[in-house]
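Protein chains in written order, with our numbering: chain A, 1 to 294; chain B, 295 to 810; chain C, 811 to 1115. Every residue gets a Cβ at the ideal spot worked out from N, C-alpha and C, and that includes glycine. I have placed the structure first, in the form of structure tokens, so that the comments after it can refer back to it.
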Amino acid sequence: MILTSKSPTVPNGVNRRRIVKKLSALLPFLALAVLLLCTAFPEFLAPKDPYAQSLIRRLKPPSFLPGGISGYILGTDQLGRDILSRIIFGARVTIITSVLAVCVAAVVGTTAGLVAGYFRGRVDSAVVRAIDVQLAFPVVLLVIAIVAVIGPSLSNLIIVMGLSAWPQFARITRGAVISVRDLEYIEAARSIGAGHMRIMFRHILRNILSSIIVYATFEMARMMLVEATLSFLGLGVQPPTPTWGGMISDGSKYLGLSWSVSFFPGLVIVLAVLLVNDLGDRLRDFMDPYLKND
Amino acid sequence: MAKIKGRTSNRTRSLPLAAGLLLSSMLGMPLLSKPAESATLTIAQSYDPQSLWPNFSTSQEQMNVGNAIIESLLWVDPAIDKAVPILAERYEMVDPTTIKLFVRKGVKFTNGEPLDANAVVQSIKIFMDKAITPAYARDAAKIGSVERVDDNTVLIKLSQKYPAIDLLLSQIYIVPPKYWAEVGPEKFGREPVGTGPYKLKEWVRDDRVVMERNPGFWGKAPKGIDRIVWKPVPDDTARAAGLVAGEYDVAANVPVASAPQIKSRSTVSLLSVPSYRIFKIDFSNLDKDPGPQHNKLVRQAFNYAVDKDAIRESLFSGIATPLRGQILRSNQLGFDPAIKDYPFDQKKAKELLKQAGYPDGLDITFKFSSGRYAQDKEVAEAVAGMLGEVGVRVKMVTLEAGEFLTQLNNRDLGAMALRGSAPQDDPDAMLSSYLSTWRYSYINDKNLDELIKAGSQELDQKKRDDIYKAAMKLMHDEAYMIYLYQANDLYGVSKRVRNFVPRGDQRFAVYDMSVE
Amino acid sequence: MLKYVIRRLISTIPTLIAVPIICFLLTRLSGDPTELMLPMDASDEARTAFRALHGLDKPIWEQLLLFCENAFRGDFGMSLRFGEPASTLVLERLAATTELAVASLGFAVLLGIPFGVIAAQRRNSLVDRAIRNAVAVSQAIPSFYLGILMIMVFAVGLGWLPTGGRGEVSNLVLPALTLASGLVPLIARVTRSCMLDELRRDYVRTARAKGLKEYIVVWKHSLRNAFIPVITVIGLQIGALMSGVVVTETVFAWPGVGRLAIQAIYARDFPVVQAVVFFFAIVFIVVNILVDVVYALMDPRVRYQ
Chain A
1 MILTSKSPTV PNGVNRRRIV KKLSALLPFL ALAVLLLCTA FPEFLAPKDP
51 YAQSLIRRLK PPSFLPGGIS GYILGTDQLG RDILSRIIFG ARVTIITSVL
101 AVCVAAVVGT TAGLVAGYFR GRVDSAVVRA IDVQLAFPVV LLVIAIVAVI
151 GPSLSNLIIV MGLSAWPQFA RITRGAVISV RDLEYIEAAR SIGAGHMRIM
201 FRHILRNILS SIIVYATFEM ARMMLVEATL SFLGLGVQPP TPTWGGMISD
251 GSKYLGLSWS VSFFPGLVIV LAVLLVNDLG DRLRDFMDPY LKND
Chain B
295 MAKIKGRTSN RTRSLPLAAG LLLSSMLGMP LLSKPAESAT LTIAQSYDPQ
345 SLWPNFSTSQ EQMNVGNAII ESLLWVDPAI DKAVPILAER YEMVDPTTIK
395 LFVRKGVKFT NGEPLDANAV VQSIKIFMDK AITPAYARDA AKIGSVERVD
445 DNTVLIKLSQ KYPAIDLLLS QIYIVPPKYW AEVGPEKFGR EPVGTGPYKL
495 KEWVRDDRVV MERNPGFWGK APKGIDRIVW KPVPDDTARA AGLVAGEYDV
545 AANVPVASAP QIKSRSTVSL LSVPSYRIFK IDFSNLDKDP GPQHNKLVRQ
595 AFNYAVDKDA IRESLFSGIA TPLRGQILRS NQLGFDPAIK DYPFDQKKAK
645 ELLKQAGYPD GLDITFKFSS GRYAQDKEVA EAVAGMLGEV GVRVKMVTLE
695 AGEFLTQLNN RDLGAMALRG SAPQDDPDAM LSSYLSTWRY SYINDKNLDE
745 LIKAGSQELD QKKRDDIYKA AMKLMHDEAY MIYLYQANDL YGVSKRVRNF
795 VPRGDQRFAV YDMSVE
Chain C
811 MLKYVIRRLI STIPTLIAVP IICFLLTRLS GDPTELMLPM DASDEARTAF
861 RALHGLDKPI WEQLLLFCEN AFRGDFGMSL RFGEPASTLV LERLAATTEL
911 AVASLGFAVL LGIPFGVIAA QRRNSLVDRA IRNAVAVSQA IPSFYLGILM
961 IMVFAVGLGW LPTGGRGEVS NLVLPALTLA SGLVPLIARV TRSCMLDELR
1011 RDYVRTARAK GLKEYIVVWK HSLRNAFIPV ITVIGLQIGA LMSGVVVTET
1061 VFAWPGVGRL AIQAIYARDF PVVQAVVFFF AIVFIVVNIL VDVVYALMDP
1111 RVRYQ
């Protein structure tokens, strides 16, 4: 960059365009950094207490619009809480919930897929049937039953969301395992006396890990939406804890009074999904240029 | 294989073309939200009826629809706040437990059966059968026996002295006995036959119930309404939107958030009706729920700490009525104007908490439903926030609506819970749920029990009034609950509709309605 | 071929047995419907009578046996709310849901495939990025929110389309688009990556060298091969589509199975929940068998695996 800017032969316009291009390539990483900061230290970033309510200043528009009050940059929600602060604090629960849910799904699904693909036979058909059963099952029923039995809590929500997503991981893993299990290097490992566990987890899993990680990234975006839908159905994270999905779902009831309550959390989810998808694409290109989505 | 190739390629080539055609034809469509024909009244409610026979359940939506076809003995008319005779011309009390009922003459069901004493007796017997009408078992228990005197007279024996006879008789809907015996309750609910101003034309489940005028109706039929279409629209926002877009003439139960949108249109107006439903936060003084709420000072402190006016003014845009420190409404027997609610006073609240032995605040669990009542979650969050300001650390637990009801009925709601109660319009109906023996009562107070029992059997209005006033005073002093507000039901109504008068229990009848 | 189909059909039997039984157990765990079906102040007698009428007072294994026995005859019992056979309630709403699902699949394919193809053709261009982002945005908006926004804009604001209900084609547009919004991105994505693969192949080079028009190469030869993965995605997403139906039908007052399902779940109307879940499972299985059959038709190797 320094070189080109010194070069007198390059016209100014091209130069600027390159800088813009490089900057825009950096943008996702910048966004990721902001997101991670919000997740880690919301206390230092949020301008207000996300739980401090005041019914007098409820449903105010953003401070840069007429009617807004200074200090409340994105306006206030139905209870007069600062939307920006709630979004920043919401990042933590939203991100952690989706990441953990994906982890649950990935661990359960990958293990099932590995075992099924490696051993084939009865184990395999059992796993395949289990996948079919799970896919054919409405998530909402699962949530209500689990919530009713063991009570509503964040961990239960994570488990349910994770359980609803494991079949996809199992399918991917199983397919990948089947395609590599008879390859030479596995044969080699077997011939030097490696046990099943060792072969499965050391040799096969390592080989297919990249595709699982890439899929997990995409799945994270979906989990945020699942959380939003569960909130809409009254089955989401317990109040007053903010989550982006919960904020959209609450805010959508106030569309007639205020557009900003649901708009900003919606915008943030959209940006986060775009970001996660972009990162997934990059990760895929980085880990395996020949790998295709799905 | 070759054949398949050919077919696929043809289809794929025409795909973009088809897409374009479909899109353009759809977007190019003219205004499709057609205004309803002048003779048709379209009413949107939250739910589709389960049955068109009103006594099938106690859900208002279901009864509103069915009541246009099948009529009751009396109707408690909200316009005059009195019972008006429908299929009973009048009744008299022979003694405190015997009712003599005179059946309206010259009325026929739409299948030709006559309305007579026999039809009324059979209908009351159905009403009393717990296996057929389990939902009305509590009302039915008040009736001991029923017999036909002559063609137009029926004698009802009560099982106990009971003050609210009008209310009881208005619950009973009269069906044609021969047809009923032929088809049974389920089929009757699908293909009802009645004496009402309308008869069923078609019912497409979850989509629409269409009715047309009954030419043989005995009374004065609603003017200008030849057809009624009932639409079930579950989403509140969407229902209000449909009204504004001109698809419905009446939208029941519109959310507060849609009020400005409705008010801003010249074609529709907003109707606000004080509901029978009152909201409060009940404390448990049951032994199984130990905790700070057993201390009267703590309960009073909570009442001082919650700014009830702010909740009404902001969350409900002022469209809610204050509770005056008691659970009876100002137009009810037993309401005591001398009682004033605990004012909003944070200092006093903190003081009381200190006196009660909690200078550093306290911890308490607070359960509430999400989606069972209008803005229940918001109200609960607001209350929890206000309690937080006086040092109460509230652990909030939201419950899915069905789970909430189950826990409520099993007395599992614990220390404190947000509840809306909408009993029938009689003080006993409200008070009896606070009897210590009541299935879901969270209060155990011998003195209160005695007052409630006395009130339920007292036939002298003045004495009954005094008994309930004493009960109100006792509950208020003990602060057994945080008194929040009386809800208002909101309806969006097209300006061409006249005389749409819903009751506080969300029931309405079409008798006096008209369309211009 | 017939043998293959029969083999696939037999392999679905365990699923068809497991789904209703798991569903049965889950519903029983989710609470006692008596509390929700009767008014709150119903007497104990009324409750006992209600339980006895619907067999809820029997031990759970006995209920399960009875359920299996009846389910085997296609009878899922009487709805607790409606007092009618649960299967009737599902069947009479079937047409509405099928209409919605087919329309939204149509939208998803009609929008997703062209988007994917165009994006692949102009890989990494501005158009490609724009399409990919637009499509990702539509996926990132929760469907309940998108639905309400569409009602506000197209029904209330512009007055082009009705807010809900079923009847004419115009009633179908908004719910179908809402339901399709989650599928379009997937289909576009899969189409794009398959097309990228195809466009690199030798036959494309040959076709181009022969002087075939570019749009024929792309839209006829390459797209046909990209079709199989798209069909697979649709098969996999049928479950998600059925879940989406629940929210979409509620927002748009669409008289279908999804709305029946959510109401039954909330009301603990067990027989209806069981009937709906069983129906969803059958749809899922049938669609996936169809996908497999299409696969097998196109690639004979599958049949002998």
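Notebook entry, point to check: Cβ of C/Glu-845 versus every heavy atom of the ligand MN: is any distance shorter than 7 Å?
Noted result: This structure lacks the ligand MN; in fact it carries no ligand of any kind.
Next item on the list: Below 8 Å on the Cβ atoms is my guess for B/Leu-681 versus B/Phe-596; work out the distance and round it to an integer in Å.
Entry: 7 Å
Check: Whose Cβ in chain C lies nearer than 9 Å to the Cβ of B/Pro-528?
Finding: Glu-1059, Thr-1060, Val-1061, Ala-1063, Arg-1069, Ile-1072 and Gln-1073
Item checked: Cβ-based neighbour list, A/Arg-57, same chain, cut-off 7 Å, excluding 5 preceding and 5 following -> Correct list, in chain order: Ile-69, Thr-76 and Gly-80.
Item checked: Under 7 Å by beta carbon: chain A residues contacting C/Asn-943 -> Ordered by position in chain A, the residues that pass the 7 Å Cβ test against C/Asn-943 are Leu-274.
Next item on the list: Kindly list, in the order they appear in chain C, the residues whose Cβ is closer than 7 Å to that of B/Asn-597.
Entry: None at all; the shortest Cβ gap to chain C is about 25 Å.
Margin query: So the candidates are B/Val-527, B/Thr-531, B/Asp-529 and B/Arg-507; which of them puts its Cα closest to the Cα of B/Arg-521?
Written below: Residue B/Arg-507 is the option with its Cα nearest to B/Arg-521.
Checklist line | C/Ile-1075 versus A/Leu-163: straight-line alpha-carbon distance, rounded | finding: Answer to the nearest angstrom: the Cα atoms are 19 Å apart.
Next item on the list: State yes or no: is the beta carbon of A/Val-140 nearer than 8 Å to at least one beta carbon in chain C?
Entry: yes
Check: Counting only beta-carbon atoms, is B/Gly-665 nearer than 8 Å to chain A?
Finding: yes
Next item on the list: Give a yes or no on whether 8 Å exceeds the smallest Cβ distance from A/Thr-217 to chain C.
Entry: No, its Cβ sits nowhere closer than 8 Å to a Cβ of chain C.
Notebook entry, point to check: So what's B/Gly-322 in DSSP terms, helix, strand or just coil?
Noted result: Residue placement at B/Gly-322 is poorly supported in this model, since its pLDDT is 38, which falls under 50; the coordinates are not used for a value here.
Note to self: Any beta carbon of chain A sitting closer than 8 Å to that of B/Thr-336?
What the structure shows: no
Next item on the list: Would you grab the beta carbon distance between B/Ser-569 and B/Ala-781 for me? Rounded to a whole angstrom, and I think it's under 8 Å.
Entry: 4 Å
Check: Should B/Gln-454 go down as buried or exposed, given a rule of 16 or more other Cβ atoms within 10 Å for buried?
Finding: By the 10 Å Cβ count, B/Gln-454 comes out exposed.
Next item on the list: Any chance you could list the alpha helix (DSSP H) runs of at least 4 consecutive residues sitting entirely within the stretch 415 to 449 of chain B, in chain order?
Entry: Qualifying alpha helix (DSSP H) stretches, in chain order: 431 to 434.
Check: Name the residues in the stretch 484 to 502 of chain B whose C-beta lies less than 9 Å from a C-beta of chain C; which are they?
Finding: Of all residues in the stretch 484 to 502 of chain B, Arg-484, Val-498, Arg-499, Asp-500, Asp-501 and Arg-502 have a Cβ within less than 9 Å of some Cβ in chain C.
Note to self: Could you check whether the stretch 836 to 852 of chain C touches the stretch 783 to 796 of chain B, counting it as contact only if at least three pairs of C-beta atoms, one from each stretch, sit closer than 8 Å?
What the structure shows: The stretch 836 to 852 of chain C is not in contact with the stretch 783 to 796 of chain B.
Item checked: Within chain C, the residues that B/Arg-432 reaches when beta carbons sit closer than 9 Å -> Pro-849, Asp-851, Ala-852, Ser-853 and Ala-856
Notebook entry, point to check: Which chain A residues are close to B/Gln-780, counting only those with a beta carbon under 7 Å from its beta carbon?
Noted result: Under a criterion of Cβ atoms nearer than 7 Å, no residue of chain A is adjacent to B/Gln-780; the nearest Cβ is some 19 Å distant.
Next item on the list: For the alpha helix (DSSP H) containing B/Lys-648, list its first residue and its last residue.
Entry: 640 to 649
Check: Thinking C-alpha only, which one of C/Ala-913, C/Arg-817, C/Ile-928 and C/Ile-958 is nearest C/Phe-1062?
Finding: C/Ile-958
Check: Does C/Gln-949 come within less than 8 Å of chain A when only Cβ atoms are used?
Finding: yes
Item checked: 8 Å Cβ cut-off: residues of chain C touching B/Val-538 -> Val-966
Margin query: I'd like to know whether the C-beta of A/Ala-105 is nearer than 8 Å to at least one C-beta of chain C.
Written below: Chain C places no beta carbon closer than 8 Å to that of A/Ala-105, leaving this residue out of the contacts.
Item checked: Element boundaries [alpha helix (DSSP H), containing A/Leu-279] -> 260 to 287
Next item on the list: Under the assumption that B/Lys-671 contacts B/Phe-662 (Cβ atoms under 8 Å), give the Cβ distance between them as a whole number of angstroms.
Entry: 7 Å
Next item on the list: Could you run through the stretch 338 to 351 of chain B and flag, in chain order, every residue whose CB is less than 9 Å away from some CB of chain E?
Entry: The structure shown contains no chain E; the protein chains it does contain are A, B and C.
Checklist line | Continuous alpha helix (DSSP H) assignments of at least 4 residues falling wholly in the stretch 948 to 1036 of chain C | finding: Entirely contained in the stretch 948 to 1036 of chain C, the alpha helix (DSSP H) runs reaching 4 residues are, in chain order, 953 to 960, 979 to 990, 993 to 1009 and 1012 to 1019.
Notebook entry, point to check: Between which two residues does the alpha helix (DSSP H) harbouring B/Gln-354 extend?
Noted result: 354 to 360
Next item on the list: Under the assumption that A/Val-133 contacts C/Ile-832 (Cβ atoms under 8 Å), give the Cβ distance between them as a whole number of angstroms.
Entry: Confirmed, Cβ separation roughly 7 Å.
Checklist line | Boundaries of the alpha helix (DSSP H) in which A/Tyr-185 is found, first to last residue | finding: 184 to 191
Checklist line | Whole-angstrom distance between B/Ala-532 and C/Tyr-955, CA atom to CA atom | finding: The straight-line gap from Cα to Cα measures roughly 11 Å.
Notebook entry, point to check: Which two residues bound the contiguous beta strand (DSSP E) that contains B/Glu-694?
Noted result: 686 to 694
Item checked: C/Tyr-814 - DSSP class collapsed to helix/strand/coil -> helix
Next item on the list: Look at the alpha carbon of A/Arg-92 and the alpha carbon of B/Tyr-774, and state the distance between them as a whole number of angstroms.
Entry: Distance between the alpha carbons of A/Arg-92 and B/Tyr-774 is about 39 Å.
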